[in-house]
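In what follows, a structure is listed as structure tokens, so that the remarks can point back to it.
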Amino acid sequence: MTFVPNLLDWYDKNARDLPWRFEQSPYRTWVSEIMLQQTQVDTVIPYFERWMAQFPDLQALASADEQSVLAIWEGLGYYSRARNLHRAAKIVVNEMDGQMPQTPEGLEKLPGIGPYTAAAIASIAFEQDVAAVDGNIRRVLARLFDLREPARSPQGERKLWEMAEANLPAGHAGAYNQAMMDLGAMICTPKTPDCPNCPVAAHCRARSLGVQEERPVKMARKKVPHLTVTAAVICRDGQVLLAKRPSRGLLGGMWEFPGGTLEDQDAGLEACLRREIGEELGVEVSICSPFGEYRHAYTHYKITLHAFLTALSDGQIPQNLESQEIRWVDVLDLSAYPMGKVDRQIADRLVGEGIHDCL
DNA sequence: TAAGCGTGGAG
DNA sequence: TCTCCAAGCTT
Numbered sequence: 021m022t023f024v025p026n027l028l029d030w031y032d033k034n035a036r037d038l039p040w041r042f043e044q045s046p047y048r049t050w051v052s053e054i055m056l057q058q059t060q061v062d063t064v065i066p067y068f069e070r071w072m073a074q075f076p077d078l079q080a081l082a083s084a085d086e087q088s089v090l091a092i093w094e095g096l097g098y099y100s101r102a103r104n105l106h107r108a109a110k111i112v113v114n115e116m117d118g119q120m121p122q123t124p125e126g127l128e129k130l131p132g133i134g135p136y137t138a139a140a141i142a143s144i145a146f147e148q149d150v151a152a153v154d155g156n157i158r159r160v161l162a163r164l165f166d167l168r169e170p171a172r173s174p175q176g177e178r179k180l181w182e183m184a185e186a187n188l189p190a191g192h193a194g195a196y197n198q199a200m201m202d203l204g205a206m207i208c209t210p211k212t213p214d215c216p217n218c219p220v221a222a223h224c225r226a227r228s229l230g231v232q233e234e235r236p237v238k239m240a241r242k243k244v245p246h247l248t249v250t251a252a253v254i255c256r257d258g259q260v261l262l263a264k265r266p267s268r269g270l271l272g273g274m275w276e277f278p279g280g281t282l283e284d285q286d287a288g289l290e291a292c293l294r295r296e297i298g299e300e301l302g303v304e305v306s307i308c309s310p311f312g313e314y315r316h317a318y319t320h321y322k323i324t325l326h327a328f329l330t331a332l333s334d335g336q337i338p339q340n341l342e343s344q345e346i347r348w349v350d351v352l353d354l355s356a357y358p359m360g361k362v363d364r365q366i367a368d369r370l371v372g373e374g375i376h377d378c379l
């Protein structure tokens, strides 16, 4: 007797009523799965609704421009997800006659779709009998079978996919995968799992050994560096200068206030800013006043960003030396330019206070 | 293979 | 304030 009947019975009664379940289509399933990568359901829901209002189908997405796609995605993070989803939609519409692949192998060829997402879409949208393993399922399986290896190690990962496949109920893969995820999100949580209310507690080896909170075994985590960063709000005639970041890498394709990281050789924050503006724009600026200190944690490092109101020195014309593009933007138009969180905070403060030319 | 990639919520 | 970590993928 496996845990699966109890699991499916529980899911039948307790499945969450989510927007992409309430009204289901392959496209909606796809978008939801991409948004849900490394992101919690409650965070995703409002983004999903806005997305569907603006890009109701594959054709609408494929014909959109990347900036409007990034603008909708702003705040959700991992922006390559948005760029890849956009690219993939163009591929499906232009090269596949608008028909999404229905198998994991076909889906995985599209940018942004890896092993988990391919299995999730194939099982949920196309009723294929394939097992998926995500963070929730990884935790549930590691506890059910008391997996001793680190779950994210190559060997642990291989065993988890084997466990998921071994227990797959034929003809019910979509419900099975989603039930495992809902169980992980609602009952079998990372901290203090609700074992008394768990429908499969009787099958749980970690629970029977009292080690459920020690599963899954984690890999050691690296320390994150903390950088000091400066940024310039360069003001001129009611406008500010924005730079568009390179298309790949951190915040790819998003706009920002130019600046950069404090180096050992810099005499101070203002010297750092003058150096960075020289490197990035080839101009000299005069620094008028501080404009806030912003702390933020990215995936791999933390920053404290010091912003300054600045003005170009006489006769200086900014050149685009390191960005995709630079552009003078009216303060009231800043909301139309997709930005990461810190730059959005600076932009919002500019909008709120109005711009006062500093010289 | 391991590092890079955002942000927000929970404890 | 800090740590963990959340429906992972790409290079």
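Residue numbering for the first sequence follows this note's numbering, starting at 21 and increasing by one per position.
Yeah, the Cβ is synthetic: ideal placement off N, Cα and C, and Gly gets one too.
All values reported here derive from a predicted model rather than from experimental measurement.
Kindly indicate which residue of the options has the alpha-carbon position closest to the one of residue i.
i       : options                               : result
His-316 : Gly-155, Gln-148, His-246 and Arg-294 : His-246
Thr-324 : Val-249, Val-244, Glu-86 and Arg-347  : Val-249
Pro-121 : Gly-374, Ala-145, Ala-102 and Met-200 : Ala-145
Gly-335 : Pro-76, Lys-33, Glu-128 and Arg-256   : Arg-256
Asp-350 : Thr-319, Ala-138, Gly-374 and His-320 : Gly-374
Met-201 : Ile-157, Asp-117, Val-371 and Ala-367 : Ile-157
Ala-108 : Gly-97, Gln-79, Tyr-98 and Gly-95     : Gln-79
Gly-118 : Lys-264, Leu-354 and Pro-46           : Pro-46
Val-269 : Pro-25, Ile-297 and Arg-103           : Looking at the sequence provided, one finds Gly at residue 269 rather than Val. Answer by Cα proximity: Arg-103.
Ile-346 : Val-260, Ile-366 and Trp-40           : Val-260
Thr-212 : Gln-285, Glu-43, Ala-152 and Glu-234  : Glu-234
Ala-152 : Cys-308, Cys-215, Pro-124 and Lys-264 : Pro-124
Cys-218 : Met-206, Lys-110 and Trp-71           : Met-206
Look at the Cβ atom of residue i, then the Cβ atom of residue j, and state whether they are nearer than 8 Å.
i       : j       : result
Val-220 : Leu-28  : no
Gly-280 : Glu-304 : no
Phe-23  : Leu-164 : yes
Gly-272 : Ser-88  : no
Tyr-31  : Ala-142 : no
Pro-266 : Gln-339 : no
Val-113 : Ala-82  : yes
Pro-358 : Leu-90  : yes
Gly-360 : Met-274 : yes
Leu-167 : Leu-180 : yes
Arg-159 : Cys-208 : yes
Leu-161 : Ala-138 : no
Ala-190 : Asp-149 : yes
Val-237 : Pro-170 : yes
Cys-292 : Asp-286 : yes
Under three-state DSSP, which class holds residue i?
i       : result
Gln-79  : helix
Asn-355 : A quick correction: the sequence has Ser, not Asn, at residue 355. In this structure, Ser-355 counts as helix in the three-state DSSP scheme.
Leu-262 : strand
Thr-141 : Per the sequence presented here, residue 141 reads as Ile, with Thr not at that position. Ile-141: helix per DSSP, three-state reduction.
Asp-22  : Correcting the residue type first, residue 22 is Thr in the shown sequence and not Asp. Looking at Thr-22 - three-state DSSP - the assignment turns out to be coil, as it is neither helix nor strand.
Lys-361 : helix
Lys-322 : strand
Thr-281 : strand
Asp-286 : coil
Ile-207 : coil
Ile-65  : helix
Thr-330 : strand
Gly-118 : coil
Ser-88  : helix
Tyr-314 : strand
Would you mind sorting residue i into buried or exposed? The rule is 16 or more other CB atoms within 10 Å of its CB.
i       : result
Asn-197 : buried
Lys-33  : exposed
His-320 : exposed
Gly-176 : buried
Phe-328 : buried
Arg-364 : buried
Ile-465 : Within the shown structure, residues of the chain are numbered from 21 to 379, placing residue 465 beyond reach of any answer.
In chain order, which continuous runs of the alpha helix (DSSP H) of length 4 or greater are located wholly inside the stretch 138-226? Here the runs fully enclosed are 155-164, 174-186 and 193-206.
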